[in-house]
Amino acid sequence: MILFVVSGAMAFATGTSWGTFSIMLPIAADKGMAADTAMMLPMMAAVLAGAVFGDHCSPISDTTILSSTGASCHHIDHINSQFPYAMSIAVVAALGYLVMGITQSISAGFVSSLVAFLILIIAMWVSSRKLRRWGVAG
Numbered sequence: 002m003i004l005f006v007v008s009g010a011m012a013f014a015t016g017t018s019w020g021t022f023s024i025m026l027p028i029a030a031d032k033g034m035a036a037d038t039a040m041m042l043p044m045m046a047a048v049l050a051g052a053v054f055g056d057h058c059s060p061i062s063d064t065t066i067l068s069s070t071g072a073s074c075h076h077i078d079h080i081n082s083q084f085p086y087a088m089s090i091a092v093v094a095a096l097g098y099l100v101m102g103i104t105q106s107i108s109a110g111f112v113s114s115l116v117a118f119l120i121l122i123i124a125m126w127v128s129s130r131k132l133r134r135w136g137v138a139g
């Protein structure tokens, strides 16, 4: 989870997922080899996911700027419309990585995926209830 959060913050601050890949993947691979070789792939996956998340939310990212231009909307409006969705999924992913990190096992990958899926379902249920209360959804 730490690699996911650090990669997300780095990509958000720099506006580049590829730059974050080049810095964080060697760190994740070295950390995975030192700790447990079976955990190397999940650690590298956490870096990739965090970097893509941070790049997607970054206001200085070229992909975000091009997306808002392509959608013919104001740049900050595009970021404000995408951020809640990306952040909610990032929280679910971070909790899944946390469960995998606590269990320290690839075979527990099923358990962490199941926990993340259940958290996602609960978050969707809670947000749909709030939207109904606000009169946004029917």
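Residue numbers for the sequence shown follow the numbering used here, so the first one is 2 and each next one is one higher. In this text, a Cβ means the ideal position worked out from N, Cα and C, and glycines have one as well.
{"Asked": "Segment contact, 8 Å Cβ cut-off, at least three pairs: the region 48 to 55 with the region 24 to 33", "Found": "yes"}
{"Asked": "Distance cut-off 7 Å: residue 130 Cβ against heavy atoms of the ligand FMN", "Found": "The model depicted lacks the ligand FMN and carries no ligand whatsoever."}
{"Asked": "First through last residue of the alpha helix (DSSP H) which encompasses residue 60", "Found": "Per DSSP, residue 60 belongs to no alpha helix (DSSP H) and is neither H nor E."}
{"Asked": "Contact set for residue 56: own chain, Cβ-Cβ below 6 Å, skip 5 residues either direction", "Found": "12, 18 and 62"}
{"Asked": "Pair within 8 Å by beta-carbon distance, residue 47 and residue 98", "Found": "yes"}
{"Asked": "DSSP three-state assignment for residue 18, whether helix, strand or coil", "Found": "helix"}
{"Asked": "Residue 29 vs residue 45 beta-carbon contact at 8 Å", "Found": "yes"}
{"Asked": "Cα-Cα separation between residue 105 and residue 72, rounded to whole angstroms", "Found": "43 Å"}
{"Asked": "Cα-Cα separation between residue 77 and residue 131, rounded to whole angstroms", "Found": "25 Å"}
{"Asked": "Length of the line joining the Cα atoms of residue 39 and residue 112", "Found": "16 Å"}
{"Asked": "Where residue 123 falls, given that 16 or more other Cβ within 10 Å makes a residue buried", "Found": "exposed"}
{"Asked": "Selection from 102, 66 and 21 that minimises the alpha carbon distance to residue 81", "Found": "66"}
{"Asked": "Rounded straight-line distance, which links the Cα of residue 79 to that of residue 126", "Found": "25 Å"}
{"Asked": "Reference residue 5; option with closest CA among 43, 84 and 89", "Found": "43"}
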